[in-house]
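Q: The structure that follows is given in the form of structure tokens.
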Amino acid sequence: MPRRKSTSQPNSKRTPRTRRPKRARNRRPTSDLDQLMTQWEQRQAAERAEAVRQMQADCDQLAALDVAKVNIPYNGYGDSGTVETPSAADANNQPVSLPGDLVQSLSGLAEALIPGGWENDAGAYGELIIDVAERSCRRAHHWRVETSEYDEEIIPL
0 MPRRKSTSQP NSKRTPRTRR PKRARNRRPT SDLDQLMTQW EQRQAAERAE
50 AVRQMQADCD QLAALDVAKV NIPYNGYGDS GTVETPSAAD ANNQPVSLPG
100 DLVQSLSGLA EALIPGGWEN DAGAYGELII DVAERSCRRA HHWRVETSEY
150 DEEIIPL
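Read in order, the letters of the sequence shown are residues 0 to 156 in numbering that gives the first Met the number 0.
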């Protein structure tokens, strides 16, 4: 682009005008994205901490029902996922029936403890195993990974 000739006098006090770089459309500055990611991570951490606190309270109810372990399986792929119904067992590995509100609470809390993205694309599956006596929750998680392998052959005709 040709420069315009200045009409000002050589000793003019006018400062040269600098051009601001154009921002790409529909793109936020990095600092905004960083801020959004930080806020999202903070929300995730808060939800996880709240889920752990609530699960500790649920362990008191489970102990009152003589439950030793609870398994909460989950499976996700193709942009959807399901947390299955929790199953409970006593110290002798005999099934224990759980009240509906406790089942609902455990199922809902499980989602906060499963890694983000478990339901997307090839997804993931696993289970949360709650040890009531130890007041611990072990997550056995398996990511599904899709791969492809290239093969080429020239076939003489």
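By construction, the Cβ of each residue, glycine as well, lies at the ideal position given by its N, Cα and C atoms.
Between the beta-carbon of R138 and the beta-carbon of A121, is there less than 9 angstroms?
A: Result no, Cβ atoms of R138 and A121 do not sit closer than 9 angstroms.
Q: If we call anything under 9 angstroms between Cβ atoms a contact, is P94 one with S86?
A: Cβ distance < 9 angstroms, so P94 and S86 count as in contact.
Q: Using the Cβ count rule (16 or more neighbours within 10 Å means buried), how would you classify Y149?
A: Y149 is exposed by the Cβ-count criterion.
Q: So, is V69 buried or exposed, given that buried needs 16 or more other C-beta atoms within 10 angstroms?
A: buried
Q: Less than 9 angstroms between the beta carbons of E118 and D78, yes or no?
A: yes
Q: Taking the beta strand (DSSP E) that D130 belongs to, which residues open and close that run?
A: 123-130
Q: Throw me the rounded Cβ distance for the A45 and A132 pair, which I believe falls under 8 angstroms.
A: No, A45 and A132 are not in contact; Cβ-Cβ is about 28 angstroms, not under 8 angstroms.
Q: Alpha helix (DSSP H) containing S104: first to last residue?
A: 99-112
Q: DSSP puts A88 in a beta bridge; with which residues?
A: K68, P94
Q: Roughly how far, in whole angstroms, is the beta-carbon of P114 from the beta-carbon of H140, given that I think they are within contact range, below 8 angstroms?
A: With a Cβ gap of about 6 angstroms, P114 and H140 count as contacting.
Q: According to DSSP, V162 sits in a beta bridge with which residue or residues?
A: Not covered by the structure: residue 162. The range shown for the chain is 0 to 156.
Q: Quickly, what does DSSP pair S135 with across the bridge? List them, please.
A: According to DSSP, which records beta bridges pairwise, S135 is partnered with D130.
Q: Could you tell me the distance, in whole angstroms, from the CA atom of L136 to the CA atom of L35?
A: A small fix is needed here, since residue 136 is Cys in this sequence, not Leu. A direct Cα-to-Cα measurement between C136 and L35 gives close to 30 angstroms.
Q: Suppose you measure from the CA of R42 to the CA of Y73; what does that come to, to the nearest Å?
A: 22 angstroms
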